[in-house]
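So the sequence shown is numbered by our numbering: it starts at 12 and just counts up by one. Quick reminder that beta carbons are idealized off the backbone N, C-alpha and C, glycines included. Note sheet for the following structure.
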Amino acid sequence: SREAAFIFAVTSAGVVHSVSRACSAGNLTDCGCDPDKPMGTRSGRGWKWGGCSANIGQGLDLAKQFIDVAERSYGQAVTASGATDPNSSSMAQHERTTLRTLMNLHNNQAGRVAIRLVRLLGGNSSRKNMRLRCRCHGISGSCEVKTCWMLLPNFEDIGSFLKEKYDNSIQVSLSNVALADGRPMRRANLRIA
Numbered sequence: 012s013r014e015a016a017f018i019f020a021v022t023s024a025g026v027v028h029s030v031s032r033a034c035s036a037g038n039l040t041d042c043g044c045d046p047d048k049p050m051g052t053r054s055g056r057g058w059k060w061g062g063c064s065a066n067i068g069q070g071l072d073l074a075k076q077f078i079d080v081a082e083r084s085y086g087q088a089v090t091a092s093g094a095t096d097p098n099s100s101s102m103a104q105h106e107r108t109t110l111r112t113l114m115n116l117h118n119n120q121a122g123r124v125a126i127r128l129v130r131l132l133g134g135n136s137s138r139k140n141m142r143l144r145c146r147c148h149g150i151s152g153s154c155e156v157k158t159c160w161m162l163l164p165n166f167e168d169i170g171s172f173l174k175e176k177y178d179n180s181i182q183v184s185l186s187n188v189a190l191a192d193g194r195p196m197r198r199a200n201l202r203i204a
């Protein structure tokens with residue numbers, strides 16, 4: 012259902028957000044600050060990177076491993092059960108299961124993509140420049156040195172973005188899934204990215 016798709020996407024986005032925040036806070040041993048924004052390097056715009064920029068890449072990787080493993084494992088278990096007769100009810104069940112797995116993986120990916128899009132687009136927050144946070148250093152706030160770091164978007168903005176996508180989504184079912192030439196979707200046509 013559309014509601015289940017929304018839940019899959021929000022859950023996936025929530026895991027990315029939580030892992031990325033934990034990485035930049037130093038709460039996880041396997042990750043840390045964004046390595047693409049090393050502290051002390053100049054940006055070319057008169058300020059230098061400092062603080063701990065959110066490591067969204069690590070959050071995306073860990074979330075994909077954590078969230079998608081259940082779907083991929085379930086899809087592989089069904090494939091291993093071996094429905095081979097295209098006219099059998101077990102083959103039809105197999106195709107429904109494979110299609111559902113692909114839809115769930117797609118919705119998980121949509122949640123992960125939403126984090127990046129909201130971060131790039133700046134979200135709907137009234138706060139200025141939620142992507143880049145800077146602090147001035149100097150005598151009486153003269154801003155002789157400006158240190159900046161990247162923040163995660165507010166999860167509220169991510170949720171609003173996904174809700175907007177949900178409002179414009181269509182429900183996919185076996186009855187409305189077909190190939191471009193009109194043939195019904197079969198397992199051989201499905202690919203897990």
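Under DSSP, C42 forms no beta bridge with any residue. Taking a cut-off of 8 Å on C-beta distances, the segment 59–79 touches the segment 161–172, as three or more cross pairs fall below it.
8 Å or more divides the Cβ of A125 from the Cβ of L73. In the DSSP assignment, R144 falls within the beta strand (DSSP E) that extends over L143 to H148. Comparing alpha carbon positions, the residue from A16, G25, F19 and S12 closest to E167 is G25. Straight across, the Cα-Cα distance linking A121 with R83 is about 16 Å. Setting aside the 5 residues that flank it on each side, Q182 is surrounded in the same chain by S12 and R13, each with a C-beta closer than 7 Å to its C-beta; the list follows chain order. For T112, the number of other beta carbons within 10 angstroms of its own is at least 16, and it is reported as buried.
Put simply, of R32, I169 and N119 the residue whose alpha carbon is nearest the alpha carbon of Q69 is R32. Looking at H148, S29, K75 and I78, the one whose alpha-carbon comes closest to that of N165 is S29. V80 sits exposed, since fewer than 16 C-beta atoms from the chains shown fall within 10 Å of its C-beta. Collapsing the DSSP output to three states places C154 in coil.
In this chain, C63 is not harboured by any alpha helix (DSSP H), its DSSP state being neither H nor E.
For D178, the uninterrupted alpha helix (DSSP H) run begins and ends at F166 to D178, by DSSP.
DSSP places S23 inside the alpha helix (DSSP H), whose first and last residues are R13 to A36.
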